[in-house]
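K.L.:
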Amino acid sequence: MKKPNKLKLANLPTPIEYLSRLSSELDGPVIYIKRDDQTGTELSGNKIRKLEYAIQEAIEQGCDTLITCGGIQTNHGRSTAAAAAKLGLRCELVLGADPLPVPQGNYLLNTLFGAKIHAMTPEAFAVDRMTKMEEIQKDLVLEGRKGYMIPLGASNGIGTFGYYDCMLEIAAQEEKLGFEFDHIVMAVGSGATYAGLFYCNKVLNRKTQITGIPISSDGATFKKTVDAILQECFTYTESPIDYSEEDIKMIDGYVGLGYALSQPEELQFISKLAAQEGVVLDPVYTGKAMAGLVNEIKTGRYKKGERILFIHTGGLYGAFSKYLEFAELK
Ligand SMILES: *Cc1c(COP(=O)(O)O)cnc(C)c1O
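Numbered according to the working numbering, the sequence shown spans residues 13 to 342.
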């Protein structure tokens, strides 16, 4: 299969750990966690796997500036800004927050990495972020620079290879563990993490079920998103796979109040798991998804003894921006 080149930026392979106390408390399936929050410190989280491919393509095209976008606490924007600084590239970030708050969490880090911030109101961001990024790209040309545009979450064809490779990494780790996971579960925000794992799982002809838990929209919408991302990915590999919409598994019901909005019970869950296992989830993605997984286990979706691998996709810095909400928990 044809695959594009990639940079080496992430600390790989990331460990797989057994959550013994959570598993015995639930007394159902056994739960493991893949620590993709440990892909780096500045580069922490799932986005760097996708960026290894995207930024390589940017460099091959002779670009000197990375342009991307996200919410005010975007992990993806922070990983892009950090990688740009590491590689001596420049970074322009379009953020859906106007006015901009006091720098904190990922947003603080973005200022430290020297990214140029462009603020838009969340309403304008929702409809016009691509237009804004295109404008920035045109302005750069006037300065004699060349910008490379990365869409929301690096969830496009090229970004998908990051999690295609992660599935290969998991398969190699399973050989040492001596078993194959029955389920791989992760949060879904823009779709390429799911798409990459799903693609490789099919190519390897595995029986593992790949399940996404959407945290910003509904499963039906994300099935279409994943499909579109895969179609774009096939233009690189020229090796499409056969699949139907039913093969793409999404569990609805865990968006809560909406993207990046927290409810006390979600933060309570993060706090409980941190004390129980020493693992800190984030409020926007992994906290909601893992709370969802635990709820699904409690309501009997999984059989006793089945092996589940949850991907910890990162996001720790976002937790710090919710310090007041954590303080209010009883
Ligand atoms: C972006 C992100 C996700 C979602 O991954 P997608 O590939 O965008 O679906 C999950 N967890 C964290 C911490 C993220 O930053």
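Using N, Cα and C, we set each Cβ at its ideal position, and we do this for glycine too.
Using the C-alpha atoms, what's the distance from Y297 back to R141?
P.N.:
Numbered from 1 along the sequence shown, position 129 holds the residue referred to as residue 141. Numbered from 1 along the sequence shown, position 285 holds the residue referred to as residue 297. Rounded to the nearest angstrom, the two C-alpha atoms are 22 Å apart.
K.L.:
With G199 as the anchor, note down where its beta strand (DSSP E) starts and where it stops.
P.N.:
Along the sequence shown, read from residue 1 onward, the residue named residue 199 stands at position 187. The displayed chain sequence assigns Ala, not Gly, to residue 199. Note, A199: beta strand (DSSP E), H195 to V200.
K.L.:
In angstroms with no decimal places, state the Cα-to-Cα distance between A22 and T247.
P.N.:
Start at 1 with the first residue of the sequence shown, and residue 22 comes out as number 10. Start at 1 with the first residue of the sequence shown, and residue 247 comes out as number 235. Cα to Cα, A22 sits roughly 25 Å from T247.
K.L.:
Which residues share a DSSP beta bridge with C81?
P.N.:
For the purposes of this step, residue 81 is taken as residue 69 along the sequence shown, with counting starting at 1. V106.
K.L.:
Rounded to whole angstroms, how far is the Cβ of L34 from the Cβ of I28, which I believe are closer than 8 Å?
P.N.:
Locating residue 34 in the sequence shown gives position 22, where the first residue counts as 1. Locating residue 28 in the sequence shown gives position 16, where the first residue counts as 1. 15 Å between Cβ atoms; not a contact.
K.L.:
For F281, which option in G268, F125, E340 and A303 has the closest C-alpha, if you only look at C-alpha atoms?
P.N.:
Locating residue 281 in the sequence shown gives position 269, counting from the first residue. Minimum Cα distance to F281 is reached at A303.
K.L.:
Could you name the residues of the same chain whose beta carbon sits closer than 7 Å to that of T237, not counting the 5 residues immediately before and after it, in chain order?
P.N.:
Within the sequence shown, the letter at position 225 stands for residue 237. Same-chain partners within the cutoff: G203.
K.L.:
Which ranges does the beta strand (DSSP E) cover as unbroken runs of at least 3 residues, wholly within the stretch 204-288, from first to last along the chain?
P.N.:
Listed in chain order, they are 221-226.
K.L.:
What's the C-alpha gap between E308 and G265?
P.N.:
Taking the sequence shown and counting its residues from 1, one reaches residue 308 at position 296. Taking the sequence shown and counting its residues from 1, one reaches residue 265 at position 253. One C-alpha to the other measures close to 10 Å.
K.L.:
Distance check for H130 and V348, CA to CA, integer angstroms please.
P.N.:
Beyond the ends of the chain as shown, which are 13 and 342, falls residue 348; an answer cannot be given.
K.L.:
Taking the CB atoms as reference points, tell me whether Y255 and G208 lie closer together than 8 Å.
P.N.:
By 1-based counting over the sequence shown, the position of residue 255 is 243. By 1-based counting over the sequence shown, the position of residue 208 is 196. In this structure, G208 does not lie closer than 8 Å to Y255 by Cβ.
K.L.:
Could you tell me the alpha carbon to alpha carbon distance between G330 and A272, rounded to whole angstroms?
P.N.:
Numbered from its first residue, the sequence shown carries residue 330 at position 318. Numbered from its first residue, the sequence shown carries residue 272 at position 260. Approximately 9 Å, taken between the alpha carbons.
K.L.:
Rank L99, G169 and I45 by C-alpha distance to the C-alpha of L31 and give the top, closest one.
P.N.:
Within the sequence shown, the letter at position 19 stands for residue 31. If we check each option's Cα against that of L31, I45 comes out closest.
K.L.:
Is the distance from the Cβ of E169 to the Cβ of I241 below 8 Å?
P.N.:
Here residue 169 refers to the residue found at position 157 when the sequence shown is read from its first residue. Here residue 241 refers to the residue found at position 229 when the sequence shown is read from its first residue. Checking the sequence, you will find Gly at residue 169 rather than Glu. In this structure, I241 lies closer than 8 Å to G169 by Cβ.
K.L.:
Grouping DSSP H, G and I as helix and E and B as strand, with all else coil, what is I43?
P.N.:
In the sequence shown, the residue the question calls residue 43 occupies position 31. Three-state DSSP puts I43 in a strand.
K.L.:
With a threshold of 7 Å (Cβ to nearest heavy atom), would G201 be considered close to ligand 1?
P.N.:
Sequence index remark: in the sequence shown, residue 201 carries index 189 (1-based). It does: the Cβ of G201 is within 7 Å (strictly closer) of some heavy atom of ligand 1.
K.L.:
Have a look at K219, G201, E244 and T220 and flag the residue whose alpha-carbon is nearest the alpha-carbon of P226.
P.N.:
By 1-based counting over the sequence shown, the position of residue 226 is 214. Measuring from the Cα of P226, the nearest candidate turns out to be G201.
K.L.:
Given this structure, state the Cα-to-Cα distance separating Q243 from Y211, to the nearest angstrom.
P.N.:
Taking the sequence shown and counting its residues from 1, the one referred to as residue 243 is at position 231. Taking the sequence shown and counting its residues from 1, the one referred to as residue 211 is at position 199. So the two alpha carbons sit approximately 11 Å from each other.
K.L.:
List the residues that DSSP assigns as beta-bridge partners of F322.
P.N.:
By 1-based counting over the sequence shown, the position of residue 322 is 310. I45 and V197, per the DSSP bridge assignment.
K.L.:
I think T325 touches M198, with their Cβ atoms under 8 Å apart; what is that distance to the nearest whole Å?
P.N.:
Position 313 of the sequence shown, counted from the first residue, corresponds to residue 325. Position 186 of the sequence shown, counted from the first residue, corresponds to residue 198. Between M198 and T325 the Cβ distance is about 6 Å, and since that is below 8 Å, they are a contact.
K.L.:
Pick helix, strand or coil for A127, following the three-state DSSP scheme.
P.N.:
Stepping through the sequence shown from its first residue, residue 127 is reached at position 115. A127: coil per DSSP, three-state reduction.
K.L.:
By how many angstroms is the C-alpha of D48 removed from the C-alpha of A301?
P.N.:
Counted from its first residue, the sequence shown places residue 301 at position 289. Counted from its first residue, the sequence shown places residue 48 at position 36. So the alpha carbons of these two residues sit roughly 15 Å apart.
K.L.:
Going by C-alpha to C-alpha distance, which of P252, L293 and R319 sits closest to M13?
P.N.:
To locate residue 13, count along the sequence shown from 1; it is residue 1. Nearest option by C-alpha distance: P252.
K.L.:
Where Q275 and S167 are concerned, what is the direct C-alpha to C-alpha distance, given to the nearest angstrom?
P.N.:
On the sequence shown, residue 275 is found 263 positions in, with the first residue counted as 1. On the sequence shown, residue 167 is found 155 positions in, with the first residue counted as 1. In a straight line, the C-alpha of Q275 is about 27 Å away from that of S167.
K.L.:
Just to confirm, does G117 get its C-beta within under 7 Å of one of the non-hydrogen atoms of ligand 1?
P.N.:
One-based indexing of the sequence shown puts residue 117 at position 105. Outside the cutoff, so no.
K.L.:
Hey, would you say the C-beta of T223 is under 7 Å away from at least one heavy atom of ligand 1?
P.N.:
Stepping through the sequence shown from its first residue, residue 223 is reached at position 211. No, Cβ of T223 sits at least 7 Å from all heavy atoms of ligand 1.
K.L.:
Quick check: what's the CA-CA separation for G82 versus L164?
P.N.:
Sequence index remark: in the sequence shown, residue 82 carries index 70 (1-based). Sequence index remark: in the sequence shown, residue 164 carries index 152 (1-based). One C-alpha to the other measures close to 6 Å.
K.L.:
Straight-line CA distance for P113 to Y314?
P.N.:
Walking along the sequence shown from the start, residue 113 turns up at place 101. Walking along the sequence shown from the start, residue 314 turns up at place 302. Taking the straight line from one Cα to the other gives about 42 Å.
K.L.:
Can you grab the Cα-Cα spacing for the pair L269 / K98, in whole Å?
P.N.:
As a working note, residue 269 is residue 257 in the sequence shown. As a working note, residue 98 is residue 86 in the sequence shown. Approximately 36 Å between the Cα atoms of the pair.
K.L.:
Short of 8 Å in beta carbon distance, which residues of its chain neighbour I148, apart from the five on each side in sequence? Order them along the chain.
P.N.:
For the purposes of this step, residue 148 is taken as residue 136 along the sequence shown, with counting starting at 1. The answer, listed in chain order, is I79, E104, V106, H130 and G159.
K.L.:
Out of curiosity, what's the CA-to-CA distance linking A70 and L341?
P.N.:
Position 58 of the sequence shown, counted from the first residue, corresponds to residue 70. Position 329 of the sequence shown, counted from the first residue, corresponds to residue 341. In a straight line, the C-alpha of A70 is about 44 Å away from that of L341.
K.L.:
Could you tell me whether any non-hydrogen atom of ligand 1 is closer than 7 Å to the CB of S283?
P.N.:
Here residue 283 is taken as the residue at index 271 of the sequence shown, counted from 1. S283 Cβ: outside cutoff for every heavy atom of ligand 1.
K.L.:
Determine the contact status of K316 and G40, defining contact as a CB-CB distance below 8 Å.
P.N.:
Here residue 316 refers to the residue found at position 304 when the sequence shown is read from its first residue. Here residue 40 refers to the residue found at position 28 when the sequence shown is read from its first residue. Going by C-beta atoms, K316 is nearer than 8 Å to G40.
K.L.:
Counting only the same chain and skipping the five closest in sequence on each side, list residues whose C-beta sits under 6 Å from that of A339.
P.N.:
Locating residue 339 in the sequence shown gives position 327, counting from the first residue. Cβ neighbours of A339 beyond the five flanking positions: none.
K.L.:
Quickly, what does DSSP pair G159 with across the bridge? List them, please.
P.N.:
Your numbering for residue 159 matches position 147 in the sequence shown. T77, per the DSSP bridge assignment.
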